[in-house]
Structure formats: structure tokens, C-alpha cells
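Undergrad:
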Amino acid sequence: MNTKFQDQGHAPSPKRSSSSGWIKFLVILLILIVIGLYPVASYLQGQKSVKTIDEQLEYFNNQLSSLGVKDFKFIRTNKGDGIKIFSSDYVIAALKGGENYPIFDLHAEHGPLPFSELKQGHFSPIKTKQVLTLSKNSKFYSDLSTAFPKKDKEPLKIEYIHDYNDYINGELKIEEIFVNVNEKGKIKFSPITVKYESDADMHNVNSVYSQNNVLVDVVDNNERVYFEMHELKGTAKFQQTEPNNWAFEHVTNIGKQKNIINDVDIDIGKGNGKLVVTRDPLNTRLVSNQLISSVSIYGRPFGSYSTEIDIDNLHTTSLKQLGSLFATLFNEMLEYDAKNPKASTKAFNEHFERLLTKKHFPEFMAISLGLINNSPKINYSINFENSTGSMKVGYGIDAVPPSGKLDMKDPVNLILLLKQAYLKADFEGYWLENTLKEAAEVWAMKNNKPGASEAHKQEIKDIVHSLQRDWVDSGIMSGTADKASISVFLNPNQKDITKSQINFNGDAMSIPAFIKTFKEYGSKFQFLVAKSNYSKRLESIFKSYGEMKAPNTGKSFNLLK
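Quick note on numbering: the sequence shown equals residues 321 to 881 in the working numbering.
#1: Assuming contact is defined by CB atoms lying nearer than 7 Å, are Y410 and L426 in contact in what I supplied?
#2: From which residue to which residue does the beta strand (DSSP E) around F558 run?
#3: Going by other Cβ atoms of all chains shown within 10 Å of its Cβ, with 16 needed for buried, is V584 buried or exposed?
#4: Out of D600, L752, N542 and I835, point me to the one whose CA is closest to K777's CA.
#5: Suppose you measure from the CA of N565 to the CA of R599; what does that come to, to the nearest Å?
#6: Using a 10 Å radius around the Cβ and a threshold of 16 neighbouring Cβ atoms, would you call L454 buried or exposed?
#7: Who does M711 pair with in a DSSP beta bridge?
#8: Can you tell which of P661, V597, K679 and N633 has the C-alpha that lies nearest to the C-alpha of F646?
#9: Helix, strand or coil for Y865, going by three-state DSSP, please let me know.
#10: What do you reckon, are the CB atoms on I586 and N579 nearer than 7 Å?
#11: Taking DSSP as the reference, what is the three-state secondary structure of D657?
#12: Okay, do the stretch 665-678 and the stretch 701-721 touch, 3+ Cβ pairs below 8 Å being the bar?
#13: What would DSSP say about L535, mapped onto helix, strand or coil?
#14: Taking the Cβ atom as the reference point for each residue, do Y715 and L743 lie within a distance shorter than 7 Å?
#15: Would you report the Cα separation of E705 and H671, rounded to the nearest angstrom?
#16: Closest to A556 by CA distance: which of V596, G643, E375 and S458 is it?
#17: So does the stretch 757-768 actually touch the stretch 611-624, counting three or more Cβ pairs closer than 8 Å?
#18: By the DSSP assignment, the alpha helix (DSSP H) with K781 in it spans what residues?
#19: Any chance you could list the alpha helix (DSSP H) runs of at least 4 consecutive residues sitting entirely within the stretch 446-494, in chain order?
#20: Can you tell me where the beta strand (DSSP E) holding H635 begins and where it ends?
#21: Would G866 be called buried (16 or more neighbouring beta carbons within 10 Å of its own) or exposed?
#22: Return helix, strand or coil for N582, following the three-state DSSP convention.
#23: Could you give the distance in angstroms between the alpha-carbon of K839 and the alpha-carbon of M797?
#24: For D486, which residues of its own chain have a beta-carbon under 7 Å away from its beta-carbon, when the five flanking residues on both sides are left out?
#25: Taking 7 Å as the threshold (C-beta atoms), are V571 and G589 in contact?
#26: Is there a Cβ of chain C sitting closer than 7 Å to that of T453, yes or no?
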């Protein structure tokens, strides 16, 4: 189909629009307006940023107050001319006893497009970018600066961006720390990095931290304290749903550790831990788990272990009061140290003991009783495992508030604070066998011997297997030699303590009956142990590699007494 254009053989040239000049003019005018308004917008954003900083400090101070910290808070003061067009500078100081103690310098760049972000190619509008560093003119800085060998870097730097979604993303860096404690000791920390994100109200905070190495090697009273840790990583989460309801979770991972105690080398393999704290206006709960994958002494494997602590129904108000009391004690100890700078460690400890057991003792006891107002429950367990078996030990209590005023000097009255208490232990296999074999290996190596003999290892095996049979045969434990357990549950009668019950290895009985039964089983066990002469045999094995002496006593080595 032919068209007029096709007939002409080419398309007509377009005519230049007469409005194109106006469009250019409007674009240029708009750019000029934006350039003119940007300083105003930046300044106004700076005012809003100051308000946000003050709100964050107020929130943090409220958290300190809720933990019982008194007469202490953080404040902001202007540095120089205060709010400028594109940036502002402030000082964050600690206010204590009416005096300001500068700690941080705060440099804030105002949004929506801080120049430092534009230089990095970041064009997303933000409210503010803030950088905190230690205040160079403060005593706090002068006291700490000697611990940071890299003088060309900020010892501590916190940098974060507050965007228009009211979200905060930041990073905290602490540079390498090195301290010569004395001519025989040193402390060295590699740099620490913490990346975090939060909403503006700090009701939801998430962070990730990492550090390569930690080393502490000091000598105190001719005793060496040495430990090192490598490949430290962790996360932390904080969530607040209501003013008095929050939850905190902290997870830690450590690649490996090394300790030296009295010239004994202890190597600890990969470990991880988790702490969860939840709080509402009535109750506070704390749950902690820890797992160590391996422990070796002088290179000899002693197995792994794990622990678990669960404390529930702690009275929140009393817990805050306890925090307040210890904050008061801390302040009083600081005052004592300021007035007595040359006081010995013994004098320092004695002063603390006087404060707690005399001056603040009535308050401390009242708070302690208040902690059980909501009938708290405490459970603890530790599990050891090695190549020949495992041992798990646990205990716990369920407490109840006193029905009336109790004389706490009478031990019997303490039982009335218990709803239930238990102690139990479970043995799978022969955990003690490997433990004693490796102990013999270590003792031989420490005394410059090549190691424990095969004959001694076999005798240790025979002793442990026979000992665990005696546990069961005597009645102290139930089950079999390779799967033995013991459990004791106390159920106090609140109205009549003489009618309290004890469940021993599954059998319910009165307290007098339990005492009688346990004495009978104990006597039988002692007879079996004496008959097999375990103590003398073990003592002979260890003494063959070197003299065994009990620390700080004149007693000889005796494992079973």
C-alpha cells in the first residue's frame, strides 16, 4: 500500500518545537531552585538529627536506669558553632555527680545527600551520617590511648547511617590493643569489628561481631595466668515489644582456646555458647547453653563437655533492685579507691565485704527474698563425654515465697522456701576410665616419662569397671554398671516439715527413712571399696610416675576419700 510519504521517496524533516527553549529554561530554573534549597533542607535535616540523637540518648539512659544505675547518664553538648549547614559537631559526655566527663566526639553529616556518601558512589537519600570517636581532649582518652599502639588510627570508631525508612545501619571498630602489664606480662587484643542494624527507636537491634585473636599473659603473685582465643565470632539480637517487655539473644563462637594453669597446657577446641534473656513486668528468664568440642591437656584428649542453665520466674522488680544495689556498691568502691589509691587487694576486698555484709546486708536480704516472689525455678546440668562413656550431672530447685516472716538464721526455715529440689547423675559407659587413663598419661609426661604403661591402663580399666559395679551392688545407684544413675528429689511439706518426702532412685520415703537407707548403702559401698583397695592401687599407679601431693595440705594423694 502506497502512502504520500512513500510516493515522495522520503520522510519529511521534523520541525523544531517552539517550546524547546522554555523546557531548557524550566530545567535550568529547577536545578537552580534545588541548589538554592538544598542548604536549607540540609540545615533543617540537621535540626531533626539533633532531636534524634537526644531521643537515642534518652532511651539509653532509661535502659541504664531500669538496670538500677543511679546518678549517671549520657548527655549531648554542642562543639563549636553547633548546627551548621551541611554538618554538625557535638560532644557526648557522661554526667555524674553534676560533673561532665567528655567521652565521644560526634560528627554528623546532614542528609539528604552527604558529600562523603556521594564520593563513595552512594546516591540514596539519607537523613544523617554520624561518626563517633573518642574525645581527644578528655581524661578518658588520655587514660586509654597508651593501650592502642597504632597512633595513626582512631582507637574506637562508630559510624552509622540513618535512612528515610527510619532504619539505622552502622559499624563499630576497636583497633588493636596492647598493654604491658609489667615486665612479665602483656595483654593483646586484635581489632574488633561489630556491624549492626536497628530501627530508629532501637526496639529491634541486630549485630554481628568478629575478632581474630585475644591474648592475656600475666604473672600475679608468682602465678602465671595465660589464655588465648582465636577466631571469635558472634551475633546479638534485642527486641522490645512493649516498654517493659524485651528479649535479648547472644550467640558466641570461638575457633580454639589455650590456657596455661600452673604450667599445665590446656587446649580447648571449637566452642559455642548461647544466652537468651527475656523480661516482662513480672518475670525474668535466663537460659544459657555452652558446648566445648574438645579438651586436651599436654596434647592428651579428655573429651568434650556442655552445660545448660535455665533460671525462670525471677521477680523482675527485685532483680532491678538488686542491680541498683550493686550499682551503689560499685560507686562506693570507686570512692574508696579514689580515697585510698594505695590500698592492697586484701583491704579492697575486706571493704567490699563490710559493705555487703554489714551496711547493705538488710537491703540485700530483703531483695534476695523478693527474688522468689514469683516461685522461681533453677535448673543446671553439665555433661561430660569421652571415648569410653559419658557422665551427666544435674540439679535444680523450685522455690516458693515465704508464707510469713522467717528467721533466716535457722537452716530448717530455708527448706520452707523450697517446693522441690533435686540432684541426679547418669553414667553411660565408663567415662571415668578414659579420664583416669589420660590423667595418668599427663602425670607421666609432666614427670618426664614417656607415658602410662599398658599394664597401668588395663588396671585403671579394671578399677573403674569394678567401682561402677560396686555403685549398683551397694544400692547407691540403680541400673547396671555400664548404665548407672542416682537421683534424689526432695519434696518439702510446707505445713509440717517432718512429713516431707524424699524420692531416692524412684522410691518415695520420709526424710528419716532416707537417712537410714543412705547410711546403709554408704556403709556397704565403703566395705566394697575397701575390699578392692581402689585407693591404694590408684595411688600406686600415679606415684610410680612422680610424687603426688595435695595442694596446700600435708595429705597424701587419695582419689576416693
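Backbone N, C-alpha and C define an ideal beta-carbon position, used for all residues, glycine too.
TA: The answer reads as follows:
#1: yes
#2: E543 to E562
#3: exposed
#4: L752
#5: 6 Å
#6: buried
#7: F704 and F747
#8: K679
#9: coil
#10: yes
#11: helix
#12: no
#13: strand
#14: yes
#15: 43 Å
#16: V596
#17: yes
#18: E774 to S794
#19: 459-465
#20: S624 to H635
#21: exposed
#22: coil
#23: 13 Å
#24: D519 and A520
#25: no
#26: In the displayed structure, chain C is absent; only one protein chain is listed.
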